[in-house]
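The opening residue of the sequence shown carries number 59 in this note's numbering; numbering runs sequentially from there. Every residue, glycine too, gets a C-beta built ideally from N, C-alpha and C. Being a predicted model, the structure only gives us computed values, none of them experimental.
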Amino acid sequence: MGTIRLTTAQALIKFLNQQYIHVDGKEFPFVEGIFNVFGHGNVLGIGQALEQDPGHLKVIQGKNEQGMAHAAIAYSKQMLRQKIFAVTTSVGPGSANLVAAAGTALSNNIPVLLLPADTFATRQPDPVLQQVEHEYSTAVTTNDALKPVSRYWDRITRPEQLMSSLIRAFEVMTDPAKAGPATICISQDAEGEAFDFDEKFFEKRVHYLDRKLPTDRELKGAAELIKSSKKPLIIVGGGAKYSQARDILIKLSEKHDIPLVETQAGKSTVESTFKNNLGGIGVTGTLAANKAAKEADLIIGVGTRYTDFTTSSKTAFNFEQAKFLNINVSRLQAYKMDGFQVVADAKTTLELLFPLLDGYKSEFGDQIVELKEEWLRERDRLSKIVFDRENFTPEIKDQFSQEVLNEYADALNTELAQTTALLAINEAVSPDSIIIGSAGSLPGDLQRLWHSTEPNTYHMEYGYSCMGYEVSGALGIKLAQPDKEVYAMVGDGSFLMLHSELVTAIQYNHKINILLFDNSGFGCISNLQMGNGMGSYYCEFRTHDNQIMNIDYAKVAEGYGAKTYRANTVEELKAALEDAKKQNVSTLIEMKVLPKTMTDGYESWWHVGVAEVSEKESVQKAYEAKQQKLKTAKQY
């Protein structure tokens, strides 16, 4: 048996270069590259190994550990989890900055390899710079914080431990049922230590993404449930997108008159223009989808986790009549809502189900078209919201006074409504453009209003709804699909949280477009406060003397080297979008939009914590309303 003497870090890089994935007869490298912010702990180990021989890996310098990890996550998500980037950080704060990103990957079931440096295995110089100390254990380091947000976690203190750890990590990342972040923490002294590694460890290794087949029992049970139902409804989740189930979903829906509704992760699996696609379901859903959900007697969940936003906190369905059929590669997810479980690949299962449903038609019939047309009329209305200083009714009723709305219009020098701006953008960008969002009020507006006319062009991180994902994620998408225009839909609150990878995009000439909706505050949470009886408390961006802040974000981006625009009217916005298409550098379009001009409601409900005791009558009423709603909610 031959051996090769390498440092732990050199062995790591050599191994990453030899990992391949096999999907539907196609084979290609699984690891595209590695993001880095070098510091002590990784620069002399992994940094040295990359300088010596990166192989085919693309090496990209990040600007913030969370930001570059979010870019890696977005890359994998856009590549349908079939390729990844690795991420390396220094010890201490560098490692700690990965926690939010790891949570994002875990919540969304996205594979990413996190490689935070760790303290000395020998402990000789302890405590080193940036090392935390605990009285109860010297073994605890910053990286222990990554345990609850990692699908797989390990610490390497000896070179030979790397081999079994990497094989385990790649098994996890390439398993559709449990894909998520794999975290391997490598002690900084161990990174540079050498070992005689078995040469076979570095041979080409292929990971097979075989489609799990449903059993005969599962297929027969699923077919019986569908054929005995009168009004079945298909929820298209993220698992349907990763399975590439578009064609069979359309085929099933058309032949059997079964309407489709979408989760945030599932949106753009089937394009919005498909006649039976009623759009988003749940808290951020359309009126059409939520009406259909209330009438359905069978909910067919295809690759969905049934989050509270999808189920309207388990009030979206008529539980007196509705049964559940869950198709999911994850047994955990298939068991939800006490449904009939088909633990298998979505596309394969639906294809095998199709011939078993011959002769079946749902009773939805023409109602699908009627529901869709009703919603399209509402969508058209929302595209034409006009501000009236004398009698303006915001979309979220009775929260801001006319006087405050006028104050915002004056302070921001705008009369632009958020929904009007969003739908103008939808009309103006190319159909094959990819949009990305994550947090604030924009995900709700996007799920309801955005029409994706081509598959896999809607990228929403709403498993964790991590503020700051948008700009970083845009870079990851651009790396995945460099020939497409990518638009980050981001509020001013999220932009302030994290936009560091805009600099990385400019540095490496990966053009992204940032569409910044500025309403001078955390508008989404202000809505939440005021919708539950509170005032707008510490969610507006106001100065010490109570003036609304008007920040020049375009000037910030211009300083980085981006091409920037200011657009406070629909005409200015359309002109900016057209000019931005011609640019070779990253762009930012700053839009000042009025608060309370986003969408809301449409027969949905979100269960949030409301104070049971309050001096305000409005809060007391909100609590009472919540208790009443809970009487109709499913509890498990």
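Going by other Cβ atoms of all chains shown within 10 Å of its Cβ, with 16 needed for buried, is residue i buried or exposed?
i: residue 557; result: buried
i: residue 634; result: buried
i: residue 596; result: exposed
i: residue 135; result: buried
i: residue 492; result: buried
i: residue 194; result: exposed
i: residue 647; result: buried
i: residue 192; result: exposed
i: residue 69; result: buried
i: residue 113; result: exposed
i: residue 319; result: buried
i: residue 439; result: exposed
i: residue 213; result: buried
i: residue 514; result: buried
i: residue 198; result: exposed
i: residue 295; result: buried
i: residue 225; result: exposed
i: residue 174; result: buried
i: residue 686; result: exposed
i: residue 298; result: buried
Distance check for residue j and residue i, CA to CA, integer angstroms please.
i: residue 669; j: residue 430; result: 38 angstroms
i: residue 233; j: residue 329; result: 27 angstroms
i: residue 589; j: residue 666; result: 11 angstroms
i: residue 627; j: residue 476; result: 11 angstroms
i: residue 364; j: residue 179; result: 43 angstroms
i: residue 427; j: residue 417; result: 21 angstroms
i: residue 619; j: residue 390; result: 47 angstroms
i: residue 587; j: residue 537; result: 38 angstroms
i: residue 455; j: residue 653; result: Unreliable placement is indicated for residue 455, whose pLDDT of 47 sits below 50; the coordinate value is still reported in the next sentence. Each residue's Cα considered, the two are about 12 angstroms apart.
i: residue 682; j: residue 672; result: 12 angstroms
i: residue 521; j: residue 59; result: 47 angstroms
i: residue 606; j: residue 459; result: 15 angstroms
i: residue 223; j: residue 246; result: 17 angstroms
i: residue 490; j: residue 582; result: 29 angstroms
i: residue 481; j: residue 283; result: 39 angstroms
i: residue 162; j: residue 128; result: 8 angstroms
i: residue 659; j: residue 532; result: 29 angstroms
i: residue 425; j: residue 350; result: 9 angstroms
If you measure between the beta carbons of residue i and residue j, is that distance less than 9 angstroms?
i: residue 700; j: residue 132; result: One cannot answer for residue 700 here, as it falls past the ends of the chain, which runs 59 to 694.
i: residue 555; j: residue 504; result: no
i: residue 201; j: residue 176; result: yes
i: residue 656; j: residue 631; result: no
i: residue 249; j: residue 108; result: no
i: residue 408; j: residue 381; result: no
i: residue 549; j: residue 498; result: yes
i: residue 414; j: residue 651; result: no
i: residue 574; j: residue 553; result: yes
i: residue 326; j: residue 510; result: yes
i: residue 376; j: residue 360; result: no
Leaving aside the five residues before and after residue i along the sequence, list all residues of the same chain whose C-beta is less than 7 angstroms from its C-beta, in chain order.
i: residue 167; result: 237 and 238
i: residue 276; result: 400 and 402
i: residue 81; result: 140 and 267
i: residue 61; result: 254, 255, 256 and 257
i: residue 188; result: 149, 150 and 151
i: residue 106; result: 67
Would a check of beta-carbon distances place residue i closer than 9 angstroms to chain B?
i: residue 285; result: No chain B appears in the structure shown, which is made up of a single protein chain.
Leaving out the 5 sequence neighbours to the left and right, which residues in its chain are closer than 8 angstroms to residue i when beta-carbon positions are compared?
i: residue 346; result: 336, 337, 429, 430, 432 and 433
i: residue 78; result: 85, 86, 87, 88, 262, 263, 264 and 265
i: residue 121; result: 95, 558, 559, 561 and 562
i: residue 677; result: 590, 591, 592, 668 and 669
i: residue 302; result: 138 and 405
i: residue 281; result: 411, 414 and 415
i: residue 523; result: 496, 497 and 501
Please return the same chain residues whose Cβ sits closer than 6 angstroms to the Cβ of residue i, not counting the five positions on each side in sequence.
i: residue 525; result: 497, 552 and 555
i: residue 300; result: 138 and 139
i: residue 124; result: 155, 158 and 159
i: residue 421; result: 288 and 289
i: residue 63; result: 252 and 254
(request) Decide yes or no for the touch test of the region 144-152 against the region 94-101: beta carbon pairs closer than 8 angstroms, at least 3 of them. (result) In short, these stretches touch, since the Cβ pair count reaches three.
(message) For the pair the region 289-297 and the region 312-326, tell me if three or more CB-CB distances fall below 8 angstroms.
(response) Output reads yes: the region 312-326 touches the region 289-297.
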